[in-house]
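In this note's numbering, the protein residues as written are 494 to 697.
A virtual CB, placed ideally from N, CA and C, is assigned to each residue, including glycine.
None of the values given here were measured: they were computed from a predicted structure.
The structure appears right after this line, and notes come after that.
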């Protein structure tokens, strides 16, 4: 039985060309084999994760997500990759989170929260996926909506927007205030703000 998440992984795989698929398949097999020698396992798969930019070029983010899904790193591994990674590598860590169902709420939420403190639109877009939709508390999630609006990240990037915004009076108040601030400053109110406000003012 397929789910939206397994469909997402399948779509990512299909987007790769033959050479990239071959490299990724070898990287996954090599990483899995290295787990038989624990002191080498970390080095091998982390090295392949880093090398994806050179081998996969335009689809490096897809390859990294698929590699992480296959390797199934733990929370400490993910935190280390995120802390020392490039923006592209951090984005891959964030995007793989919903594909690792063994992660608990506390395991990776600090990574999402860190990304939302940046103004890097790539990281923000990667952070507001299904993992954030499930685990961010109401206060943090509302501020994630505002962060997207402030930085220009499309709200289509936000997983489960309709469910979480529906009938949220506090979100409606925050959006109304933000719209008033923009209007007072002579700045346009983005259509995404109107969209979120319509959702927030619906009867839940």
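Legend entry - Endpoints, alpha helix (DSSP H) assigned at residue 573: Numbered from 1 along the chain shown, position 80 holds the residue referred to as residue 573. Unbroken alpha helix (DSSP H) run through residue 573: 568 to 577.
Legend entry - C-alpha gap between residue 573 and residue 600, whole angstroms: Here residue 573 refers to the residue found at position 80 when the chain shown is read from its first residue. Here residue 600 refers to the residue found at position 107 when the chain shown is read from its first residue. Their Cα atoms are separated by approximately 12 angstroms.
Inset, instruction - Write down every uninterrupted run of the alpha helix (DSSP H) in the stretch 624 to 670 whose length is 4 residues or greater and which is fully enclosed by it, in chain order. - result: 631 to 644 and 654 to 658
Inset, instruction - Figure out for me which residue from 677, 679 and 667 has the closest Cα to the Cα of residue 691. - result: Numbered from its first residue, the chain shown carries residue 691 at position 198. Of the candidates 677, 679 and 667, the one whose C-alpha sits nearest the C-alpha of residue 691 is 667.
Legend entry - Contacting residues, own chain, Cβ-Cβ under 7 angstroms from residue 568 (five flanking each side not counted): Counting from 1 along the chain shown, the entry for residue 568 is found at position 75. Within the same chain, residue 568 has close Cβ partners 596, 600 and 601.
Inset, instruction - Check whether the Cβ atoms of residue 564 and residue 508 sit closer than 8 angstroms, and answer yes or no. - result: Against the chain shown, residue 564 aligns to sequence position 71. Against the chain shown, residue 508 aligns to sequence position 15. No. Outside cutoff.
Legend entry - Rounded distance between the beta-carbons of residue 658 and residue 689, thought under 8 angstroms: Taking the first residue of the chain shown as position 1, residue 689 is located at position 196. Taking the first residue of the chain shown as position 1, residue 658 is located at position 165. About 6 angstroms separates the two Cβ atoms, so the contact holds.
Legend entry - Own chain partners of residue 609 with C-beta closer than 7 angstroms, once the 5 adjacent residues on each side are dropped: Translated into positions along the chain shown, residue 609 becomes position 116. Closer than 7 angstroms at Cβ, skipping near neighbours: 617, 620, 637 and 640.
Legend entry - Span separating the alpha-carbon of residue 587 from that of residue 622: Taking the first residue of the chain shown as 1, we reach residue 587 at position 94. Taking the first residue of the chain shown as 1, we reach residue 622 at position 129. Cα to Cα, the separation comes out at about 8 angstroms.
Inset, instruction - With distances taken Cα to Cα, identify the nearest neighbour of residue 579 among 592, 695, 539 and 594. - result: For this step, residue 579 is matched to residue 86 along the chain shown. For residue 579, the nearest C-alpha among the options comes from 539.
Inset, instruction - Within the same chain, show all residues whose beta-carbon is closer than 6 angstroms to that of residue 629, passing over the 5 residues directly before and after it, in chain order. - result: Locating residue 629 in the chain shown gives position 136, where the first residue counts as 1. No residues qualify anywhere along the chain.
Inset, instruction - Reducing DSSP to helix, strand and coil, say where residue 510 ends up. - result: Reading the chain shown from its first residue, position 17 is the one you call residue 510. Residue 510 falls in the coil class under three-state DSSP.
Inset, instruction - Could you tell me the distance, in whole angstroms, from the CA atom of residue 526 to the CA atom of residue 519? - result: Along the chain shown, read from residue 1 onward, the residue named residue 526 stands at position 33. Along the chain shown, read from residue 1 onward, the residue named residue 519 stands at position 26. Whole-angstrom Cα-Cα distance: 10 angstroms.
Legend entry - Under the three-state DSSP convention, the category residue 621 falls into: For this step, residue 621 is matched to residue 128 along the chain shown. Residue 621: coil per DSSP, three-state reduction.
Inset, instruction - Assign residue 687 to buried or exposed, taking buried as 16 or more other Cβ atoms, counted over all protein chains shown, within 10 Å of its Cβ. - result: Translated into positions along the chain shown, residue 687 becomes position 194. With fewer than 16 other Cβ atoms within 10 Å, it is exposed.
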